[in-house]
Amino acid sequence: MAKRKTAFVCNECGADYPKWQGQCSACGAWNTLSEFVVDPATPARAASSASRSGYAGELADVQRLDQIELTETPRITTGIGELDRVLGGGLVPGSAVLIGGHPGAGKSTLLLQTLCRLAAQQPCLYITGEESPAQVAMRAERLQLPRDQLKLAAETDVERILDLARKEKPKVLVIDSIQVMFLTALQSAPGSVAQVRESAAALTRFAKQTGTVLLLVGHVTKDGTLAGPKVLEHMIDCSLMLEGSTDSRFRTLRGLKNRFGAVNELGVFAMTQEGLKEVKNPSAIFLNRADDIASGSLVTVVWEGTRPLLVELQALVDQSHFGNPRRVCVGLEQNRLAMLLAVLHRHGGIQVGDQDVFANVVGGVKVMETGADLALLLAIVSSFRDRTLSRELVVFGEVGLSGEIRPVPQGQDRLSEAAKHGFRKAIIARANKPRAAIEGMQVIAVSTLAEALEHI
Ligand SMILES: [Zn+2]
1 MAKRKTAFVC
11 NECGADYPKW
21 QGQCSACGAW
31 NTLSEFVVDP
41 ATPARAASSA
51 SRSGYAGELA
61 DVQRLDQIEL
71 TETPRITTGI
81 GELDRVLGGG
91 LVPGSAVLIG
101 GHPGAGKSTL
111 LLQTLCRLAA
121 QQPCLYITGE
131 ESPAQVAMRA
141 ERLQLPRDQL
151 KLAAETDVER
161 ILDLARKEKP
171 KVLVIDSIQV
181 MFLTALQSAP
191 GSVAQVRESA
201 AALTRFAKQT
211 GTVLLLVGHV
221 TKDGTLAGPK
231 VLEHMIDCSL
241 MLEGSTDSRF
251 RTLRGLKNRF
261 GAVNELGVFA
271 MTQEGLKEVK
281 NPSAIFLNRA
291 DDIASGSLVT
301 VVWEGTRPLL
311 VELQALVDQS
321 HFGNPRRVCV
331 GLEQNRLAML
341 LAVLHRHGGI
351 QVGDQDVFAN
361 VVGGVKVMET
371 GADLALLLAI
381 VSSFRDRTLS
391 RELVVFGEVG
401 LSGEIRPVPQ
411 GQDRLSEAAK
421 HGFRKAIIAR
431 ANKPRAAIEG
441 MQVIAVSTLA
451 EALEHI
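Just so you know, UniProt numbering puts 271 at position 271 of the sequence shown, and the rest follows in order with no gaps.
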């Protein structure tokens with residue numbers, strides 16, 4: 001009898017090895033390799049031509065560029081505008097979409113809402129691996145969704161899911177969630193990297209071959225990354241992240257990867273009794289300021305995908321009682337804060353080396369762009385000096401290492417949006433200064449951090 005062939009996979013990063021070793025040479029983690037059986041007879045590893053085919057699911061012809069028909073990818077619109085926006089115009093047949101988020105973020109709710117409506121137009125199949133069918137049905141009832149079209153099955157065995165899908169021939173297939181799915185051919189436990197990877201591969205292959213839209217639900221770990229995610233990244237066509245703290249009403253859906261549309265598009269939803277409701281005009285929803293604002297609070301305009309978003313930044317600077325002052329960020333990048341504080345010392349002459357610095361974006365939004373740099377520094381200075389900034393002031397601009405203020409894209413649109421929401425004064429980069437004056441808005445254009453500090 002032939003010896004069973006085994007391989008080892010790192011649970012942290014998904015790298016494989018033919019032999020066991022103590023440390024993963026790809027990511028450097030210790031004791032993360034687990035063994036799995038590579039069975040040449042399993043469908044997941046079968047060397048059929050189908051498993052090696054490309055996007056269209058069949059062997060491709062070689063063509064010249066001018067012979068290729070220029071057609072738009074056909075899309076299935078979900079009926080939820082904000083979801084379509086993030087997807088780049090709807091679901092693409094044969095594509096695999098991963099929807100990640102913390103437990104309780106509303107992933108299942110969003111998918112159930114989408115599927116109940118979609119099922120009226122085309123066959124859809126919802127595979128629930130975590131909740132019972134009764135729980136899903138009860139949720140649909142609570143959300144007052146139509147329940148007469150959507151088909152549902154409770155299953156975690158991928159082979160059986162594929163059998164069901166071959167029989168039902170859905171146009172949209174939801175797997176909730178990928179972490180509980182398993183292939184019996186693999187020895188490792190469900191949720192392990194090997195299982196997540198092979199299960200997703202088998203399902204994705206099915207989607208490509210049949211032109212089915214595959215929607216995978218994935219839970220994220222505490223540090224905000226998808227569990228077993230690196231291994232999924234190159235397999236899927238589109239990765240979306242549903243975020244928002246459970247105490248906030250709002251949820252944001254961000255596109256992290258999209259083969260069929262722009263990335264970093266942001267969709268905004270409000271969690272209500274009837275599930276997630278899209279927020280069509282979200283530019284100022286995170287802005288809810290008290291009448292008397294405290295020092296350290298400042299509003300900036302960030303650009304999310306194709307539209308502006310006004311967010312409030314808060315900073316708190318306080319005497320540190322320990323040798324090692326703390327720098328803590330919520331919704332902002334930690335390393336960026338450390339860098340900006342160094343610029344503030346060197347080019348703004350303000351020393352906060354012995355102070356704890358806390359920075360926060362109100363409303364649970366994540367600010368990824370550098371356009372918030374200047375606003376963050378001015379908020380920090382405001383808190384440090386305990387001097388309130390005007391509530392009609394809005395600030396944006398990138399801060400460079402030599403203390404220069406750099407322009408950001410769409411400066412004019414950001415200013416107009418701020419003016420629309422009642423802001424009367426703006427401090428921005430010189431290169432962003434609009435040619436024509438904006439009505440009711442006093443624009444202060446600065447080229448260095450020192451210059452900006454003179455104006456507050
Ligand atoms: Zn590794």
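All residues carry an ideal CB built from backbone N, CA and C; glycine is no exception. In this text the structure is predicted, and so the values were computed from the model without any measurement.
Chain-order list of residues whose beta-carbon lies under 8 Å from that of T184 (same chain, five-residue window excluded): D157, E159, listed in sequence order.
Meets three-Cβ-pair contact criterion under 8 Å: the region 360-368 and the region 414-424: No, they do not touch.
Selection from I99, W30, V86, F8 that minimises the alpha carbon distance to A262: Taking A262 as reference, the option from I99, W30, V86, F8 with the minimal CA-CA separation is V86.
Which listed residue (F36, G296, L332, A426) has its alpha carbon closest to that of A445: Ranking the options by Cα distance to A445, first place goes to A426.
Any 3 or more C-beta pairs closer than 8 Å across the region 363-381 and the region 236-245: The region 363-381 is in contact with the region 236-245.
Every unbroken alpha helix (DSSP H) inside the region 176-252 [4 residues or more]: If we require 4 residues or more, the alpha helix (DSSP H) runs fully inside the region 176-252 come out as 193-210, 230-233.
is_contact[E369, chain D] using C-beta, thresh 7 Å: Structure shown: chain D not included; a single protein chain is present.
6 Å Cβ shell around S239 - same chain, five flanking residues per side excluded: By the criterion of a C-beta distance shorter than 6 Å, S239 is surrounded in its chain by L98, L256, K257, once the five residues flanking it on both sides are discounted.
E35 Cβ short of 6 Å to ligand 1 heavy atom set: Because no heavy atom of ligand 1 lies under 6 Å away, the Cβ of E35 does not count as near it: no.
Reference P93; option with closest CA among L344, V213, L374, V443: Measuring from the Cα of P93, the nearest candidate turns out to be V213.
Whole-angstrom distance between K277 and A270, CA atom to CA atom: Each residue's alpha carbon lies about 5 Å from the other.
Reduced DSSP category for I428 - H, G, I as helix; E, B as strand; rest coil: Reduced to three states, the DSSP call for I428 is strand.
Any 3 or more C-beta pairs closer than 8 Å across the region 294-302 and the region 376-391: In short, these stretches touch, since the Cβ pair count reaches three.
Proximity test, residue 457 beta-carbon vs ligand 1 heavy atom, cut-off 6 Å: Outside the modelled stretch of the chain, which goes from 1 to 456, sits residue 457, for which no answer is possible.
Rounded straight-line distance, which links the Cα of R139 to that of L215: Separation of L215 and R139 (C-alpha to C-alpha, rounded to the nearest whole angstrom) is 19 Å.
The region 330-338 in contact with the region 425-442 per 3-pair CB rule at 8 Å: Touching, no, given that fewer than three Cβ pairs across the two stretches are closer than 8 Å.
Identity of the residues DSSP links to G255 by a beta bridge: Partner(s): L240.
For G14, three-class secondary structure by DSSP: In the structure shown, G14 sits in coil (DSSP, three-state: anything other than H, G, I, E or B).
Supposed contact pair I456 and V443 - C-beta distance, whole angstroms, cut 8 Å: Rounded to whole angstroms, the Cβ separation of V443 and I456 is 15 Å, and the two are not in contact under 8 Å.
Sheet register partners of V136 (DSSP bridge): V136 is not bridged to any residue.
Heavy atoms of ligand 1 versus C-beta positions, residues under 6 Å: Those residues are C10, E12, C13, A15, C24, A26, C27, A29, T32, given in chain order.
Beta strand (DSSP E) segment containing L287, residue limits: Element bounds for L287: n/a, residue is neither H nor E.
Delimiting residues of the beta strand (DSSP E) encompassing V311: That run of the beta strand (DSSP E) goes 307-319.
Option nearest I405 by Cα separation, candidates R414, D16, V268, L340: Checking every option, the nearest Cα to that of I405 belongs to L340.
Integer Cβ distance of K171 from C116, believed to fall under 8 Å: In this structure K171 is not in contact with C116, their Cβ atoms being roughly 14 Å apart against a cut-off of 8 Å.
Where the beta strand (DSSP E) through V268 begins and ends: For V268, the enclosing beta strand (DSSP E) covers residues 266-272.
Identity of the residue in S390, M368, V394, D386 nearest A375 by Cα: The shortest Cα separation from A375 among S390, M368, V394, D386 belongs to V394.
Nonlocal neighbours in the same chain, by C-beta distance under 6 Å from A194, ignoring five residues either side: Excluding sequence positions up to five before and after A194, its CB lies within less than 6 Å of the CB of V9, F36, L186, S188, all in the same chain and listed in chain order.
Element boundaries [beta strand (DSSP E), containing I99]: Residues 96-101.
Spatial distance of L453 from S447 (CA atoms): Taking the straight line from one Cα to the other gives about 11 Å.
Test item: CB-CB of E274 and L83 under 7 Å: In this structure, the beta-carbon distance from E274 to L83 does not fall below 7 Å.
Minimum C-alpha distance to V220 - residue among I76, G349, G100: For the residues I76, G349, G100, the minimum Cα distance to V220 belongs to G100.
Residue 469 versus P282: straight-line alpha-carbon distance, rounded: Residue 469 is absent from the structure shown; the chain starts at 1 and stops at 456.
Closest residue to R205 among G218, V180, L232 (Cα-Cα distance): For R205, the closest of G218, V180, L232 by C-alpha to C-alpha distance is L232.
Residues bridged to V446 [DSSP beta-bridge criterion]: The secondary-structure analysis by DSSP pairs V446 across a beta bridge with A429.
Where K208 falls, given that 16 or more other Cβ within 10 Å makes a residue buried: Buried.
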